[in-house]
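Heads up, the thing below is written out as structure tokens.
2 protein chains.
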Amino acid sequence: MEAEIIAVGTEITLGQIVNSNARFLADQLRRLGIESHWQVTVDDDPARISEAIHNAWLRNQLLFVCGGLGPTDDDRTLQSTADALGVDLAVDEDQWQAIQADFKRRQAKMVPENKRQAYFLNGGMPLANPVGLAVGSFWQGKDHTVVVLPGPPREFKAMVSESLLPKLKNLMGKPIISRNLHFVGCPESELMDRIQAVLPDKRVVATSYVQPDEIQVRLTVHNETTTNADELLNTAQEKILQAVGDYYFGTGEEVSLAKQVVDCLKKKHLHISAAESLTGGLFQATICSVPGASNVFDGGLVTYAIKVKESLLGVPKEVIDQQGVVSAATAEAMASHVQKLLHADIGVGFTGVAGPDSLEGHPAGTVWIGIAFPDHVESFELHLSGKLGRQNIRRQSVQRALLRIYHGLK
Amino acid sequence: MEAEIIAVGTEITLGQIVNSNARFLADQLRRLGIESHWQVTVDDDPARISEAIHNAWLRNQLLFVCGGLGPTDDDRTLQSTADALGVDLAVDEDQWQAIQADFKRRQAKMVPENKRQAYFLNGGMPLANPVGLAVGSFWQGKDHTVVVLPGPPREFKAMVSESLLPKLKNLMGKPIISRNLHFVGCPESELMDRIQAVLPDKRVVATSYVQPDEIQVRLTVHNETTTNADELLNTAQEKILQAVGDYYFGTGEEVSLAKQVVDCLKKKHLHISAAESLTGGLFQATICSVPGASNVFDGGLVTYAIKVKESLLGVPKEVIDQQGVVSAATAEAMASHVQKLLHADIGVGFTGVAGPDSLEGHPAGTVWIGIAFPDHVESFELHLSGKLGRQNIRRQSVQRALLRIYHGLK
């Protein structure tokens, strides 16, 4: 069974937004073992929507039509799809009640068009929308399955994950079980080489996805019972962590390193603080991006200039003069001093060169990170590529500090 | 003349990467006034590449085929396009010399396939690649123009901007002159309503693009001499700034509000500092994202907990007790105290509710920003929608503070 993804939206053909839905869906299909060789985007024009569906119908069996399910005049997708299939529209009465209740609660005025968001392809099933008003459609004909999905990425992802994937898994008739491992601080090629070298069983397939702040490795098992699959995945994960556990920080779908660290600190009733130079506040902002950060973080310092490292933080002038501002001694002093100053259990110090210019003869990407744990102080140096650019050097520095803290607390 | 954008790449149909080239090119075409209603993506399969070109040929006159120009076996785009058009391939001898010189310089081993990167569609022209080895093709037939472009986004953008756009402008036979205005802090619909209401001349067209941290408004004039166009744009900009100048922070292609503020501070020899609560360091990290920030920023504080606002920053306990932590008085005290503590010319204080939970009875999105200028202290309140989520509330707060500082310095 081969799939084709049709996106409908003038905002895409005009180049205002990128078609992120197609990437998300294609990735999900690949994980299910469904091949997809065509993606087509047209604007909100009924004739072009019909032409796209007609072409797709001739060459593929599983069609996804995405976007254009809103209540306004330029939302023509569902009617155009129904016309192309030669079917009527039906009303999802439950959703129609829910839409009316939502408008009542918001004291908003309804127009007749709002009912259109409860329509789906007659003869098919409505797909529930966990975060929006428009339902989707799941329609099966003799040789074809046609799925209609909403355009806003948040609604799209929620409907695909919660309403569509279970149906597609049934359609495929074979179970696929997978888990997602998260890593930071190792180049992707090296990480995957080392993982492939220790994978104990060919039934477990590992694929990697580079994200801005991490590398995700997905382990997948096809066509096994749940018990067998779990056993295979457990063994694989164990071998992988023996090989590259130094870079690992969690397993699951919604895992972030900052959240792992905050959760870990919270569980151990520890508070953290930081004194940041090249990162300029990014470490603390990352900690504060986690809801509930106030349980583990009271505040800290940004000490960008040398004189502020001395005056506000109290790093001895002679340490900086003798060892240099980009040094283990300065990073450790920053960590220890901010730990004391904020009465924190853990203090972190960042000093280094974000670039583009070099500093004290160190090229951009040279970073020292000091960490004052309750019982000892340590530091390590990063030699990041200057080509990463200023922002990525700062983000990588933050992630590497978080990883070290996470492992230090375990 | 209508365009169709065909992307070739298994990495897109597998969902490994998003098709950012299509968005970039569609946006450029729109600016030139070229309509584009179709985008098609296929994997690296010659038969599907041919089918995509065949379909596009029947419905559009300007075809872009993007990706798959590398030297490896799965790079089939150019040969497939040549087959579909019924033409041969020619060698760009200059590029072939350049490729050989590049390999020699890198002391890398050449294989016969490397010569393929110097091929282009016979009867057309090669398109120079400013940052890579593979040339593109610009081929014109009786009713059709076919353009072949490389896949890596860096090479794609460079070739489109530097080699393709001048040719397309000639093809269009009419000059298009535009400028880009940047705004923050006004809802897009209100901003555009107010701009449309004052646009003095129908020959100036305004279109808006919402970016994560700003709204860009592009003014475009077609078919006028440069002098006329400049005059029209100057008048339009003047009227627009009279109407919505409060939200404006710059004109140009590469403008960021943080950079505008840093440049402005640098010119006036002023230093800035901040004490941040809900933003958790994000304001300072944003300032530090601008190269050369050290000229205007020495450091500052993150005062997340109330006790740190009092102990480290010296905000009087009675201010917080009597006025509340989310208040004008607290924001102004934070700004003034950090200004003094860091010997800065300008101090900024952020206090508010990032969410998801409310604080002191204030819902998520309630933010007070205090700014201590050299000669006065001021503050203002934001009522952002809680639906924006924690990160966007924090980012918006930072942008709104930067905007106020920018206008305060003007």
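From first to last, the protein sequence lines are chains A and B. FYI, UniProt numbering numbers position 30 of the first sequence as 30, with every residue one higher than the one before it. FYI, UniProt numbering numbers position 187 of the second sequence as 187, with every residue one higher than the one before it. Just so it is clear, CB atoms sit at the ideal spot from N, CA and C, and this is done for glycine as well.
Below 6 Å CB to CB, which residues in the same chain sit around residue 240 (chain A) once its five sequence neighbours on both sides are set aside? Residue 240 (chain A) sits at position 240 when you count from the first residue of the first sequence. Counting only Cβ-Cβ distances below 6 Å, and skipping sequence neighbours, we find 195.
Counting only the same chain and skipping the five closest in sequence on each side, list residues whose C-beta sits under 6 Å from that of residue 209 (chain B). To locate residue 209 (chain B), count along the second sequence from 1; it is residue 209. Within the same chain, residue 209 (chain B) has close Cβ partners 216.
How about residue 61 (chain B) and residue 1 (chain B): do their beta carbons lie closer than 8 Å? Here residue 61 (chain B) is taken as the residue at index 61 of the second sequence, counted from 1. Here residue 1 (chain B) is taken as the residue at index 1 of the second sequence, counted from 1. Yes, the pair counts as a contact, with Cβ atoms nearer than the cut-off.
Between residue 437 (chain A) and residue 300 (chain A), what straight-line distance do the alpha-carbon atoms span, to the nearest angstrom? This structure cannot settle anything about residue 437 (chain A), because the visible part of chain A is limited to 1 through 410.
Compile a chain-ordered list of the residues in the stretch 18-36 of chain B whose CB is closer than 8 Å to at least one CB of chain A. 18, 19, 20, 22, 23, 24, 25, 26, 27, 28, 29, 30, 36
Any beta carbon from chain A within less than 8 Å of residue 406 (chain B)'s own beta carbon? As a first step, residue 406 (chain B) is located in the second sequence; it is residue number 406 there, counting from the start. Closer than 8 Å to the CB of residue 406 (chain B) there is not a single CB belonging to chain A.
Coarse secondary structure for residue 122 (chain A), derived from DSSP in three states: Mapped onto the first sequence, residue 122 (chain A) falls at position 122. Three-state result, residue 122 (chain A): coil.
Simplified DSSP state of residue 362 (chain A), which is helix, strand or coil: For the purposes of this step, residue 362 (chain A) is identified with residue 362 of the first sequence, where counting begins at 1. Three-state DSSP puts residue 362 (chain A) in a strand.
For residue 328 (chain B), write down the residues that DSSP places opposite it in a beta bridge. Your numbering for residue 328 (chain B) matches position 328 in the second sequence. According to DSSP, which records beta bridges pairwise, residue 328 (chain B) is partnered with nothing at all.
Identified DSSP bridge partners for residue 214 (chain B): Residue 214 (chain B) sits at position 214 when you count from the first residue of the second sequence. For residue 214 (chain B), which the question treats as bridged, DSSP gives the partners B:211.
Could you please give the first and the last residue of the uninterrupted beta strand (DSSP E) stretch that includes residue 411 (chain A)? The requested residue 411 (chain A) is not part of the displayed model; chain A covers only 1 to 410.
Ordered along the chain, which non-local residues of its own chain (more than five positions away) have a Cβ less than 8 Å from that of residue 56 (chain A)? Residue 56 (chain A) sits at position 56 when you count from the first residue of the first sequence. Taken in chain order, the residues that qualify are 4, 6, 38, 40, 63.
Check whether the stretch 217-229 of chain A touches the stretch 177-195 of chain A, counting contact only when three or more Cβ pairs, one atom from each stretch, lie closer than 8 Å. Touching, yes, given that three or more Cβ pairs across the two stretches are closer than 8 Å.
Counterpart residues of residue 39 (chain B) in DSSP-defined beta bridges: Counted from its first residue, the second sequence places residue 39 (chain B) at position 39. Beta-bridge pairing links residue 39 (chain B) to A:41, B:5.
Can you round the beta-carbon distance between residue 71 (chain B) and residue 116 (chain B) to whole angstroms, since I take them to be within the 8 Å contact cut? Translated into positions along the second sequence, residue 71 (chain B) becomes position 71. Translated into positions along the second sequence, residue 116 (chain B) becomes position 116. Between residue 116 (chain B) and residue 71 (chain B) the Cβ distance is about 6 Å, and since that is below 8 Å, they are a contact.
Kindly give me the distance between the Cβ atoms of residue 172 (chain B) and residue 34 (chain B), rounded to whole angstroms, as I take these residues to be in contact under 8 Å. Your numbering for residue 172 (chain B) matches position 172 in the second sequence. Your numbering for residue 34 (chain B) matches position 34 in the second sequence. Confirmed, about 7 Å.
If you follow the beta strand (DSSP E) that residue 180 (chain A) is part of, which residue opens it and which one closes it? The residue given as residue 180 (chain A) occupies position 180 in the first sequence. It spans 176-183 - the beta strand (DSSP E) in which residue 180 (chain A) sits, taken as one unbroken run.
Is residue 78 (chain A) closer than 8 Å to residue 69 (chain A) when the C-beta atoms are compared? One-based indexing of the first sequence puts residue 69 (chain A) at position 69. One-based indexing of the first sequence puts residue 78 (chain A) at position 78. Cβ atoms of residue 69 (chain A) and residue 78 (chain A): closer than 8 Å.
Count the CB pairs spanning the stretch 299-318 of chain A and the stretch 266-276 of chain A that are closer than 8 Å, and state whether there are at least three. As far as the Cβ criterion goes, the stretch 299-318 of chain A touches the stretch 266-276 of chain A, which means the pair count is three or higher.
Let me check understanding here. Comparing Cα to Cα, which of B:163, B:270, B:279, B:317 lies closest to residue 294 (chain B)? Here residue 294 (chain B) refers to the residue found at position 294 when the second sequence is read from its first residue. When each option's Cα is compared against that of residue 294 (chain B), the closest is B:270.
Using a 10 Å radius around the Cβ and a threshold of 16 neighbouring Cβ atoms, would you call residue 330 (chain B) buried or exposed? For the purposes of this step, residue 330 (chain B) is taken as the residue at position 330 of the second sequence. Buried.
Taking the beta carbon of residue 163 (chain B) as the centre, do at least 16 other beta carbons fall within 10 Å, making it buried, or is it exposed? If you number the second sequence from 1, residue 163 (chain B) lands on position 163. Buried.
Under 9 Å between beta-carbons, which chain B residues line up against residue 297 (chain A)? List them in chain order, please. Translated into the one-based positions of the first sequence, residue 297 (chain A) becomes position 297. By Cβ distance, chain B contributes 280, 302, 304, 305.
Using the rule of at least 16 other Cβ atoms within 10 Å of the residue's Cβ for burial, across every protein chain shown, is residue 226 (chain A) buried or exposed? Walking along the first sequence from the start, residue 226 (chain A) turns up at place 226. The residue is exposed, with fewer than 16 neighbouring Cβ atoms inside 10 Å.
Start and end residues, alpha helix (DSSP H) containing residue 264 (chain A): The residue given as residue 264 (chain A) occupies position 264 in the first sequence. Taken as a continuous stretch (DSSP letters only), the alpha helix (DSSP H) holding residue 264 (chain A) covers 257-267.
Please check if any C-beta of chain D sits within less than 8 Å of the C-beta of residue 45 (chain B). Judged by its chain identifiers, the structure shown contains no chain D, and its protein chains are A and B.
Tell me which same chain residues have a C-beta within less than 6 Å of the C-beta of residue 134 (chain A), skipping the five on either side of it? On the first sequence, residue 134 (chain A) is found 134 positions in, with the first residue counted as 1. Taking residue 134 (chain A) as the centre and dropping the five residues before and after it, the same chain places the C-beta of 69, 117, 150 closer than 6 Å to its C-beta, in chain order.
Would you call the stretch 9-27 of chain A in contact with the stretch 12-28 of chain B, where contact means no fewer than 3 C-beta pairs closer than 8 Å? Because the criterion of three Cβ pairs below 8 Å is met, the stretch 9-27 of chain A and the stretch 12-28 of chain B touch.
Just to confirm, is the Cβ distance from residue 371 (chain B) to residue 393 (chain B) under 8 Å? One-based indexing of the second sequence puts residue 371 (chain B) at position 371. One-based indexing of the second sequence puts residue 393 (chain B) at position 393. Cβ atoms of residue 371 (chain B) and residue 393 (chain B): not closer than 8 Å.
Is the separation between the beta-carbon of residue 146 (chain A) and that of residue 136 (chain A) shorter than 8 Å? Your numbering for residue 146 (chain A) matches position 146 in the first sequence. Your numbering for residue 136 (chain A) matches position 136 in the first sequence. No, the pair does not count as a contact, with Cβ atoms beyond the cut-off.
If we call anything under 8 Å between Cβ atoms a contact, is residue 184 (chain A) one with residue 214 (chain A)? For the purposes of this step, residue 184 (chain A) is taken as residue 184 along the first sequence, with counting starting at 1. For the purposes of this step, residue 214 (chain A) is taken as residue 214 along the first sequence, with counting starting at 1. Yes; because the gap between Cβ atoms is below 8 Å, this pair is in contact.
Run through chain A and tell me which residues come within less than 8 Å of residue 41 (chain B), C-beta to C-beta. The residue labelled residue 41 (chain B) in the question sits at position 41 within the second sequence. Here the neighbours are 22, 38, 39, 40.
Partner residues on chain A for residue 342 (chain B), Cβ-Cβ distance less than 8 Å: Indexing the second sequence from 1 puts residue 342 (chain B) at position 342. Chain A residues near residue 342 (chain B): 308, 312.
In or out: residue 108 (chain B) buried (at least 16 other Cβ within 10 Å) or exposed? For the purposes of this step, residue 108 (chain B) is taken as the residue at position 108 of the second sequence. It is exposed - the Cβ of residue 108 (chain B) has fewer than 16 other Cβ atoms within 10 Å.
Give the DSSP bridge partners of residue 222 (chain A), in chain order. The residue labelled residue 222 (chain A) in the question sits at position 222 within the first sequence. Residue 222 (chain A) pairs with A:176.
Chain B within 8 Å of residue 364 (chain A), Cβ atoms only: Sequence index remark: in the first sequence, residue 364 (chain A) carries index 364 (1-based). Output row for residue 364 (chain A): interface = no.
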